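Asks: I have a structure I would like to understand better, so I am pasting it below and will then ask my questions one at a time.
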Amino acid sequence: MNNPDRTAAISLWRDRRFRRFWAGQSVSQFGDRITELALPLIAISALNASANQVAWLTALIWTPNLLAIFLGAWVDHRAHKRRLMILADLVRAAVLLSVPAAYLLGVVTLGQLYAVALLMGAAGVLFNTAYPPFFVRLVPRASYVDANSKLSASRSASYVAGPAIGGALVQALTAPVTIAVDALTFLASAFLVGRVSVHEFPAASGSAAAAPSLLQRAREGMSFVVRHPVLRAALGCAATVNFFTFVAGSGLIVLFANRSLGLSAGVIGIAFGIGATGSLLGAVFAPKVSRRFGVGRSIVVGAVLFPAPIAIAAAADGPLWLRAGALAAAEFLSGFGVMLFDVNLNSLQAAVIPDGMRSRVAGAYSTINYGIRPVGAIVGGLLATFIGLRATLLIAAVGGALSLLWLLPSPIPHIRSLAPNNTADTTGDTDDDSRPVPC
């Protein structure tokens, strides 16, 4: 195999391995948007599920993230990360195919849909914890931002067109058959990932008796995050942003737009579509912004630009066009900000985490970062009940923007690029084993 320099930038458009992986992820992202629409529709139309029961479908998808710290520690001691990613895709395909099969047999139940949501979430955590070591073997360090930009652009595009495609498929094929389409996207992803050849990290050395326990490895992952100045600040910032944006939550924003701003469902849908366009543009332009202003400063700007525009919607008043325009502007700016934040922060994390710690750090990170989301949603509901929707959204905007305070005293604002000499001196108090190992 030809072993390219794993630190030099390359044209990802010419990299067949990356193109295969990117294609698989793009297809599965569109499939996800389809299932996000079709699965609740089955619960509502076929099983007469209540709003609370439908909400549990979403909650159960996120629940496995609470155990990501342990799954990540387990994945770090497995030699073949790519096989785990393929397994995760195959499990998700099989789980989804059980829904149309049960529906055709007339035996689909709400319990089955809950099990599907839980297993889909667990398989997603497996994929996401195995992904970081795979990513750094696939993409040269200097191309991290470019690669994350392309992957995020596909995800954003799925939010722009996915719901429309999903709605058309549900209308033409019914919801159960549409879920089978998503299952096929995971099979496509498994096939394409299987055709991406990478030199994997070796398994942990040493005898089984001498190997640390799963609990100890999980603790090591969390300890590494807490002690590392870049990861500690990044996690504190991301968790704060996630908490407050989930305080606002898309549900509360929709409720506010409808009841307080008097906007119709169609206008609200257009505003959210414009917001998805902002995400797409943010993903595309993130590499250019980071080259112009630096990776660290881009993260700082994104940390504020993601939550702060919620205040624009919360303060909206006046004629209908102005209220609708304020909501659309808020969604657009927030979408641009979240991509600027995510693309650069994900790339920076890939650059500073040591090879042997990637999955357990990803698990520890996800446990806090994603585990805080349902807490924020609960707090948002309580605040909206006692102080009103407008005040709750303003609190979310201000609180989310204050996540900046995690970043300012950290090394992050001073990091201009992901070149080894730039980050190695500023991002860690550990041994410099964060460099990707050449193939």
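Residue numbers (the working numbering): 218 to 656. For each residue, glycine too, the CB sits at the ideal point set by N, CA and C. Only a predicted model underlies this, so the values are computations on that prediction, with no experimental measurement involved.
1) CB ALA737 to CB LEU448, shorter than 8 Å?
2) Could you tell me the boundaries of the alpha helix (DSSP H) in which ASP559 lies?
3) In this structure, how does DSSP classify PRO524 when only helix, strand and coil are distinguished?
4) Which of the three DSSP states is assigned to LEU314 in this structure?
5) Look up ILE516 in the DSSP assignment and say whether it is helix, strand or coil.
6) I'd like to know if the segment 508-516 and the segment 392-405 are in contact, where contact means that at least 3 CB-CB pairs between them fall below 8 Å.
7) Is it true that the segment 458-470 meets the segment 596-607, where meeting means three or more beta-carbon pairs spaced less than 8 Å apart?
8) Measuring CB atoms only, is the segment 374-384 touching the segment 323-339, in the sense that at least three cross pairs come out at less than 8 Å?
9) Just checking, does the segment 519-530 make contact with the segment 554-563 on the three C-beta pairs under 8 Å criterion?
10) Going residue by residue through the segment 582-646, where are the continuous alpha helix (DSSP H) segments of at least 4 residues, counting only ones entirely within it?
11) Skipping 5 residues on each side, what residues in its chain have a beta carbon closer than 7 Å to that of SER424?
12) For ASP399, which of helix, strand or coil comes out of DSSP?
13) Counting only runs that start and end within the segment 462-506, where is the alpha helix (DSSP H) found for 4 or more residues in a row?
14) For a minimum of 4 consecutive residues, which ranges assigned as the alpha helix (DSSP H) are wholly contained in the segment 276-352?
15) Which residue's Cα is closest to the Cα of ASN459: PHE558, LEU606 and MET574?
16) How about LEU562 and ARG358: are their beta carbons less than 8 Å apart?
17) Identify, in the order they occur along the chain, each residue of the same chain with its Cβ nearer than 7 Å to the Cβ of VAL244, setting aside the five sequence neighbours on each side.
18) Taking only three categories from DSSP, how would you classify LEU368?
19) Once DSSP output is grouped into helix, strand and coil, what is the label at SER422?
20) May I have the straight-line CA-CA distance separating GLN566 from VAL308, to the nearest angstrom?
21) Closest to TRP279 by C-alpha separation, out of THR584, LEU539 and SER414, would be which residue?
22) Can you say whether HIS445 is buried or exposed, counting buried as having 16 or more other CB atoms within 10 angstroms of its CB?
23) Do ALA503 and SER366 have their CB atoms nearer than 8 Å?
24) For the alpha helix (DSSP H) that ARG444 lies in, which residues bound it at each end?
25) Give the secondary structure of PRO393 by DSSP, where H, G and I count as helix, E and B as strand, and everything else as coil.
26) In the DSSP assignment, find the alpha helix (DSSP H) that holds LEU254 and state where it starts and stops.
27) Using the C-alpha atoms, what's the distance from PRO526 back to LEU745?
28) Go ahead and label ALA426 buried or exposed: buried means 16 or more other beta carbons lie within 10 angstroms of its beta carbon, across all protein chains shown.
29) For the 8 Å Cβ check, are there 3 or more pairs between the segment 616-631 and the segment 309-316?
Replies: Judging by the given coordinates:
1) Because the chain here runs from 218 to 656, residue 737 falls outside it and cannot be looked at.
2) From DSSP, the alpha helix (DSSP H) with ASP559 extends over 537-569.
3) In the three-state DSSP reduction, PRO524 falls in the coil class, being neither helix nor strand.
4) If DSSP states are grouped into helix, strand and coil, LEU314 belongs with the helices.
5) Of the three classes helix, strand and coil, the one that applies to ILE516 here is helix, per DSSP.
6) Remark: fewer than three beta-carbon pairs, one from each stretch, lie closer than 8 Å, so the segment 508-516 and the segment 392-405 are not flagged as touching.
7) Yes: the two stretches touch, three or more of their Cβ pairs being nearer than 8 Å.
8) Taking a contact to require three or more Cβ pairs closer than 8 Å, the segment 374-384 and the segment 323-339 do not qualify as touching.
9) Counting C-beta pairs with one atom in each stretch, the segment 519-530 and the segment 554-563 have three or more that are closer than 8 Å, which means they touch.
10) As far as the segment 582-646 is concerned, its whole alpha helix (DSSP H) runs of at least 4 residues are 606-618, 621-624 and 637-641.
11) For SER424, the pLDDT reaches just 42, beneath the cut-off of 50, and the residue's location in the model is therefore unreliable, although a value from the coordinates is still provided. Closer than 7 Å at the Cβ level, and outside the excluded window around SER424, lies no residue.
12) ASP399 carries a helical assignment under DSSP once its states are collapsed to helix, strand and coil.
13) Taking only runs of at least 4 residues, no alpha helix (DSSP H) segment lies wholly in the segment 462-506.
14) Entirely contained in the segment 276-352, the alpha helix (DSSP H) runs reaching 4 residues are, in chain order, 285-293 and 298-322.
15) The residue with the shortest Cα to Cα distance from ASN459 is PHE558.
16) Cβ distance not < 8 Å, so LEU562 and ARG358 don't count as in contact.
17) The beta carbon of VAL244 sits closer than 7 Å to those of THR402, ALA405 and SER406, all from its chain and outside the five residues before and after it, given in chain order.
18) For LEU368, the secondary structure class from DSSP, reduced to helix, strand or coil, is helix.
19) Reliability of the predicted coordinates at SER422 is poor, the pLDDT of 46 falling under 50, and the value obtained from them is presented with this limitation in mind. Reduced to three states, the DSSP call for SER422 is coil.
20) Here the alpha carbon of GLN566 sits roughly 28 Å from the alpha carbon of VAL308.
21) It is THR584.
22) Buried.
23) A contact, by the Cβ cut-off of 8 Å.
24) Counting along the chain, the unbroken alpha helix (DSSP H) around ARG444 starts and ends at 431-444.
25) Correct three-state label for PRO393: helix.
26) Run containing LEU254: 233-262, per the alpha helix (DSSP H) assignment.
27) Residue 745 lies beyond the residue range present for the chain, which begins at 218 and ends at 656; the question has no answer from this structure.
28) Residue placement at ALA426 is poorly supported in this model, since its pLDDT is 48, which falls under 50; the coordinates still yield a value, given next. Answer is exposed; the Cβ neighbour count stays below 16.
29) Contact fails: fewer than three Cβ-Cβ distances are below 8 Å.
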